[in-house]
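Trainee: Submitted below is the structure of interest, expressed as structure tokens.
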Amino acid sequence: MKLKHIDAWFLTAVCLALFTLEANASTDKPAKEITGDNEIVETLGMKHTLRSDILKEQRELLIHLPKNYQNSGFAYPVLYVLDGEQHFNSTIQATHRLSISDKLPALIIVGISNNTGQRMRDAYFEPVRFADFVQSEAVAYVNQHFRTSSQNILFGHSAMGLVTLNLLLQKASPFEYFIASSPALEGENDGLVSQLTALAGQTEPRSLYLSAGEKSREGKGFVDGAHAAAEVFKRISNPHFSWTFQQHSGQNHTSVSYLSLFLGLSELFNDYQAPPLNTYQEFKQYGGMSALKAFYKKRGLRFKNATKVPVHTIASLAYAFLSEGKSSDGITLLTDNLPDYSDNSVLYGALAYLHEENQTYQSALQSYQSALRHFNPLLERQETQKYYMAKVQEMAEKLSKNKP
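For any residue, its number in my numbering is found by taking its place in the sequence shown, counting from 1, and adding 2.
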């Protein structure tokens, strides 16, 4: 039996809707706003001002919280973004896209803005003081005011890529993951490059994503410096230190920053994404539902987030089974998992669709009715409810016509 692509697409969209609502953080002090003619459409974050005893000045932090932060109770990893005033907005968009693709946990994003005229001081002239501010004061402030996990990520581009590498070398650094985008190294003669050999003795887990653009577009110094650092890393054998270096063809020094952030997060969190199970055979070979539950439980405990298999994953598997002519296996999968997902309608809607495809309209009607009863307006779109209502009427009409 062939899958009706329009309805299947709609239901897949329905089950993904729980995870594709736009992210925004509620705040009284918006950092950036996207505005319409007469109203605020979206608030991206909050401005916090921190008095730094180390730097003897006020510093601005731009903070974005995950959409469900207020209600989840979870602790979140934190991504610290240097040059925050430049990269804050694009970081929100990049992490949101990765998160709804299930390639990244939801993150708190902290943009550390530069004070006017002080960027060169912080990166080149007093890098130790600035690094101390970042790891001792900024991180402490965020940990004090928000629910944070122990997993911290640091992103720095160009001159702030140097700061990122300096903090990578700190033995007591609060960061586990580092993205150094086109750091302003000066080739193999750069003193910082030679210091990177100290990572051979690192005893705390450290993961680095290092990048550069195309030499002809970015400049010889940046690219040669990144390659020199990579050559040092090749000679290091340390189970506590992992690294990836990528050079991005066609990218210049400005454009490479966004690509480095997006791909760097994907690489550093490559063990977060669930296994690709697109067929019934792949599902069975992986170990079935018990193995999938074990994966999500382990992931949830590590990243301090949900330990249950996402509802859209189960629904997508059922649709895949249906497309292979294994609708009974899809129905069994959905039915077995219904008790654990009664707070929304997704599995009931998927079950109804499979029954409809099997032309068991009485069961389809009952399942669509159950989907309506379990519809959660706080989690699901109004269009989903309207769809179920239309389907209830459609199934009732089919049953009426089939009566003797």
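Backbone N, C-alpha and C fix where the C-beta goes; we use that ideal spot for every residue, glycine too.
As the structure is a computational prediction, the values presented were derived from the model and not from experiment.
#1: Per DSSP, which residues does glycine 289 bridge with? Please list them.
#2: Run the CB neighbour count on leucine 23, radius 10 Å, all protein chains shown included, and call it buried at 16 or more, exposed below.
#3: Would you mind stating whether isoleucine 110 and leucine 67 have Cβ atoms separated by less than 9 Å?
#4: Suppose the cutoff is 7 Å on Cβ atoms and the five residues either side in sequence are ignored; what does the same chain contact list for glutamate 178 look like?
#5: Can the beta-carbon of aspartate 104 be found less than 9 Å from the beta-carbon of proline 312?
#6: Rounding to the nearest angstrom, what Cα-Cα distance links alanine 228 and glycine 119 in this structure?
#7: Could you pull out every residue in the same chain whose Cβ sits closer than 8 Å to the Cβ of aspartate 30, ignoring the five residues on either side in sequence?
#8: Which residue's Cα is closest to the Cα of phenylalanine 271: Gln395, Thr246, Pro129?
#9: In angstroms, rounded to a whole number, what distance separates the CA positions of serine 262 and glutamate 326?
#10: Entirely within the segment 67–125 and at least 4 residues each: give me those alpha helix (DSSP H) ranges in chain order.
#11: Tell me which residues share the same chain as arginine 121 and place their Cβ nearer than 7 Å to its Cβ, disregarding the 5 neighbours each side in the sequence.
#12: In terms of residues, what are the limits of the beta strand (DSSP E) holding leucine 381?
#13: In the DSSP output, what is phenylalanine 157 paired with across the bridge?
#14: Specify the secondary structure class of tyrosine 389 as computed by DSSP and reduced to three states.
#15: Report yes or no: do three or more beta-carbon pairs, one from the segment 332–347 and one from the segment 181–195, lie closer than 8 Å?
#16: Entirely within the segment 185–262 and at least 4 residues each: give me those alpha helix (DSSP H) ranges in chain order.
#17: Name the two residues that bound the continuous alpha helix (DSSP H) containing threonine 315.
#18: Classify aspartate 331 as buried or exposed, calling it buried when 16 or more other Cβ atoms lie within 10 Å of its own Cβ.
#19: Starting from glutamine 60, follow its DSSP beta bridges and name the residues at the other end.
#20: Taking the alpha helix (DSSP H) that glycine 351 belongs to, which residues open and close that run?
#21: Using only alpha-carbon positions, find the residue among Ala133, Pro107, Gly266 that is nearest to threonine 309.
#22: Going along the chain, which residues of its own chain have a beta-carbon closer than 8 Å to the beta-carbon of threonine 281, five neighbours each way excluded?
#23: Among the residues of its own chain, which have a CB less than 7 Å from the CB of glutamine 275, if the five just before and after it don't count?
#24: Please report the Cβ distance between alanine 140 and leucine 63, rounded to the nearest whole angstrom; I am assuming they are in contact, meaning their Cβ atoms lie under 8 Å.
#25: Within the same chain, show all residues whose beta-carbon is closer than 6 Å to that of aspartate 342, passing over the 5 residues directly before and after it, in chain order.
#26: Report the CB separation of histidine 255 from threonine 205 in whole angstroms; it is logged as a contact under 8 Å.
#27: Report the rounded CA-to-CA distance for glutamine 364 versus alanine 398, giving the unit in angstroms.
#28: Verify whether the separation of the beta carbon atoms of phenylalanine 235 and leucine 201 is less than 9 Å.
#29: Leaving aside the five residues before and after phenylalanine 90 along the sequence, list all residues of the same chain whose C-beta is less than 6 Å from its C-beta, in chain order.
#30: In the DSSP assignment, what residue or residues form a beta bridge with isoleucine 333?
Mentor: Let me spell this out:
#1: If you number the sequence shown from 1, residue 289 lands on position 287. Paired residue(s): none; glycine 289 is not in a bridge.
#2: Start at 1 with the first residue of the sequence shown, and residue 23 comes out as number 21. Low confidence applies to leucine 23: its pLDDT is 37, below 50, so where it sits in the model is not reliable, and the reading given next is rough at best. Answer is exposed; the Cβ neighbour count stays below 16.
#3: Residue 110 sits at position 108 when you count from the first residue of the sequence shown. Residue 67 sits at position 65 when you count from the first residue of the sequence shown. In this structure, leucine 67 lies closer than 9 Å to isoleucine 110 by Cβ.
#4: Indexing the sequence shown from 1 puts residue 178 at position 176. These residues qualify, in order along the chain: Gln153, Asn154, Pro207, Arg208, Ser209.
#5: Your numbering for residue 104 matches position 102 in the sequence shown. Your numbering for residue 312 matches position 310 in the sequence shown. Result yes, Cβ atoms of aspartate 104 and proline 312 sit closer than 9 Å.
#6: Reading the sequence shown from its first residue, position 226 is the one you call residue 228. Reading the sequence shown from its first residue, position 117 is the one you call residue 119. So the two alpha carbons sit approximately 26 Å from each other.
#7: Position 28 of the sequence shown, counted from the start, is the residue given in the question as residue 30. A caution first: aspartate 30 carries a pLDDT of 40, below 50, which makes its placement in the model too unreliable to give a value.
#8: Locating residue 271 in the sequence shown gives position 269, where the first residue counts as 1. It is Thr246 whose Cα lies nearest to the Cα of phenylalanine 271.
#9: Indexing the sequence shown from 1 puts residue 262 at position 260. Indexing the sequence shown from 1 puts residue 326 at position 324. Cα to Cα, the separation comes out at about 39 Å.
#10: Fully enclosed alpha helix (DSSP H) runs of no fewer than 4 residues occupy 71–74, 86–102 of the segment 67–125, in order along the chain.
#11: Counting from one through the sequence shown, the residue named residue 121 turns up at place 119. So the qualifying residues of the chain are Ala161.
#12: Counting from 1 along the sequence shown, the entry for residue 381 is found at position 379. From DSSP, leucine 381 is part of no beta strand (DSSP E); its letter is neither H nor E.
#13: Counting from one through the sequence shown, the residue named residue 157 turns up at place 155. Phenylalanine 157 is bridged to Val83, Ile181.
#14: Residue numbering aside, residue 389 sits at position 387 when the sequence shown is read from its first letter. DSSP places tyrosine 389 in helix when its eight states are reduced to three.
#15: Fewer than three beta-carbon pairs drawn from the segment 332–347 and the segment 181–195 are found closer than 8 Å, and the two stretches are therefore not classed as touching.
#16: 193–197, 217–220, 222–236
#17: Start at 1 with the first residue of the sequence shown, and residue 315 comes out as number 313. 313–325 is the extent of the alpha helix (DSSP H) around threonine 315.
#18: Here residue 331 refers to the residue found at position 329 of the sequence shown. With 16 or more Cβ atoms within 10 Å of its Cβ, aspartate 331 is classed as buried.
#19: One-based indexing of the sequence shown puts residue 60 at position 58. Looking at the DSSP assignment, glutamine 60 forms a beta bridge with Arg53.
#20: Sequence index remark: in the sequence shown, residue 351 carries index 349 (1-based). Counting along the chain, the alpha helix (DSSP H) containing glycine 351 begins and ends at 348–359.
#21: Taking the sequence shown and counting its residues from 1, one reaches residue 309 at position 307. Closest by alpha carbon: Pro107.
#22: Mapped onto the sequence shown, residue 281 falls at position 279. Cβ neighbours of threonine 281 within its own chain (closer than 8 Å, five residues either side excluded): Ala322, Glu326.
#23: As a first step, residue 275 must be located in the sequence shown, where it is residue number 273. Around glutamine 275: Asp104, Lys105.
#24: Position 138 of the sequence shown, counted from the start, is the residue given in the question as residue 140. Position 61 of the sequence shown, counted from the start, is the residue given in the question as residue 63. Distance from alanine 140 to leucine 63 at the Cβ level is roughly 6 Å; contact confirmed, criterion being Cβ atoms closer than 8 Å.
#25: As a working note, residue 342 is residue 340 in the sequence shown. Contacts found: none.
#26: For the purposes of this step, residue 255 is taken as residue 253 along the sequence shown, with counting starting at 1. For the purposes of this step, residue 205 is taken as residue 203 along the sequence shown, with counting starting at 1. Actually they do not touch by this definition, with Cβ atoms about 34 Å apart.
#27: To locate residue 364, count along the sequence shown from 1; it is residue 362. To locate residue 398, count along the sequence shown from 1; it is residue 396. The alpha-carbon atoms of glutamine 364 and alanine 398 are separated by roughly 8 Å.
#28: Translated into the one-based positions of the sequence shown, residue 235 becomes position 233. Translated into the one-based positions of the sequence shown, residue 201 becomes position 199. Their beta carbons are under 9 Å apart, which means phenylalanine 235 touches leucine 201 by this criterion.
#29: Mapped onto the sequence shown, residue 90 falls at position 88. Cβ neighbours of phenylalanine 90 beyond the five flanking positions: Leu64, Gly113.
#30: By 1-based counting over the sequence shown, the position of residue 333 is 331. For isoleucine 333, which the question treats as bridged, DSSP gives no partner whatsoever.
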